[in-house]
Amino acid sequence: MAVFMQALKISNQLFDRFLPQTVCVRYKFRNRIAMKRNRKRREDMSWAAELLNYRNNVLKEQPEPSPLHLVTKIKPMAGRPKNEKLALTSLGFTKESDGKGPKSIIVKNTPTVNSQLKVVKHLLRITPITFPYGVPENEEDLEHCQLNENGEFIVVRNVTPGEEVRTLPTAPWQSTVWDMDVDTIKKHTLKIRQDMSLNAEFFSVDPVYTYNQDNKEYRYFGDKSDNGTKHFNERIDHNDGSKKES
1 MAVFMQALKI
11 SNQLFDRFLP
21 QTVCVRYKFR
31 NRIAMKRNRK
41 RREDMSWAAE
51 LLNYRNNVLK
61 EQPEPSPLHL
71 VTKIKPMAGR
81 PKNEKLALTS
91 LGFTKESDGK
101 GPKSIIVKNT
111 PTVNSQLKVV
121 KHLLRITPIT
131 FPYGVPENEE
141 DLEHCQLNEN
151 GEFIVVRNVT
161 PGEEVRTLPT
171 APWQSTVWDM
181 DVDTIKKHTL
191 KIRQDMSLNA
201 EFFSVDPVYT
211 YNQDNKEYRY
221 FGDKSDNGTK
231 HFNERIDHND
241 GSKKES
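Going by full-length UniProt numbering, the sequence shown opens with residue 1, and the numbers climb by one from there.
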């Protein structure tokens with residue numbers, strides 16, 4: 001056995017020396033034009049330029065934050081944790097705001113107020129207040145302002161100068177018999193209210209039924225068979241259900 005192993009070792013040495021082992025490589029044919037085109041496509045990143053610059057564009061186009069917020073309570077305060085109730089109270093809401101109290105308030109856009117809003121943001125609807133027609137400039141503008149539910153603060157200004165405003169002449173007012181004031185309406189409806197017949201024209205009169213007008217009184221006794229009909233006919237003298245005079 002030892003002689004066989006030694007002979008095998010010598011044969012392997014001779015084989016490696018005179019017949020070196022070669023590596024076989026399989027080459028796959030490829031179109032050179034297609035390879036060149038694909039390389040250009042991989043290097044072209046123009047299609048991703050908008051995606052790569054998206055964050056920079058968003059930061060540049062970000063509008064200025066609104067100085068005020070319109071906060072509307074959309075869920076009741078009852079049953080909420082203590083910290084949420086304290087946050088709502090500090091913002092200006094009360095327990096009465098669940099019913100008849102104020103449900104919308106205006107707060108400043110400051111870090112302190114925003115930290116309180118973050119605690120109860122699931123109970124509120126926060127809308128930034130915008131000024132599409134500018135902010136009020138004087139006290140006269142404040143008399144013609146309106147705050148909509150979408151947060152738009154509308155300022156209605158008089159675009160015509162005061163000197164050019166002209167009022168149409170109107171005739172002096174004179175009272176006539178056709179004028180309807182509150183006292184006249186109350187006097188006219190006094191009798192109607194006393195009779196409790198207000199809007200009586202919209203309600204029909206209660207119908208008046210005569211006795212046995214459908215000639216089916218026998219059904220009222222519960223027996224709807226022929227025996228019941230016979231028993232009913234024996235009790236009456238006339239077809240209308242009346243009794244004969246004795």
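Virtual Cβ for every residue (Gly too), placed ideally from N, Cα, C.
Query, Result
"Among residues of its own chain, excluding the 5 on either side of K75, which ones have a beta-carbon nearer than 6 Å to its beta-carbon?", "L123"
"For the ligand COA, I want to know if F202 counts as a neighbour, meaning its beta carbon is within less than 7 Å of at least one of the ligand's heavy atoms.", "By its list of ligands, the structure shown contains no ligand whatsoever, and the ligand COA lies outside what it can speak to."
"Can you tell me the Cα-Cα spacing of Q146 and T110, whole angstroms?", "24 Å"
"Should the segment 168 to 180 be regarded as contacting the segment 195 to 202, the criterion being three or more beta carbon pairs within less than 8 Å?", "no"
"Excluding the five sequence neighbours on either side, which residues of its own chain have a C-beta within less than 7 Å of the C-beta of Y133, listed in chain order?", "I154 and V155"
"Please go through the same chain and pick out, in chain order, the residues whose beta-carbon is closer than 7 Å to the beta-carbon of D141, but skip the five residues on each side of it.", "V155 and R157"
"Which residue wins for smallest C-alpha separation from M77, given the options H69, L68, A87 and L70?", "A87"
"From K121 to R55, what does the alpha carbon distance come to, in whole angstroms?", "27 Å"
"If you drop the 5 nearest sequence neighbours on each side, which residues of the same chain put their C-beta closer than 8 Å to that of K108?", "P67, L68 and H69"
"Curious, which full-length beta strand (DSSP E) runs of at least 3 residues does the segment 36 to 91 contain?", "68 to 73"
"Quick check: the Cα distance between E201 and K186, rounded to an integer number of angstroms?", "19 Å"
"Starting from I106, trace the beta strand (DSSP E) both ways and give me its first and last residue.", "S104 to K108"
"In angstroms, rounded to a whole number, what distance separates the CA positions of I105 and N114?", "14 Å"
"My guess is that P128 and G151 are in contact by the Cβ rule of under 8 Å, so how many angstroms apart are they, rounded?", "6 Å"
"Bridge partners of L124, per DSSP?", "K73"
"Under 6 Å Cβ to Cβ from S246, same chain only, skipping five residues before and after it: list those, please.", "A caution first: S246 carries a pLDDT of 49, below 50, which makes its placement in the model unreliable, though a value can still be read off. For S246, where only same-chain residues beyond five positions count, there are no Cβ hits under 6 Å."
"What span of residues does the alpha helix (DSSP H) with L142 cover, start to end?", "E139 to L142"
"Around the Cβ of F203, are there at least 16 other Cβ atoms within 10 angstroms (buried) or fewer (exposed)?", "exposed"
"Looking only at C-alpha atoms, which of T112, G79, N83 and Q116 sits nearest to D98?", "G79"
"With DSSP run on the structure shown, which of helix, strand or coil describes V177?", "coil"
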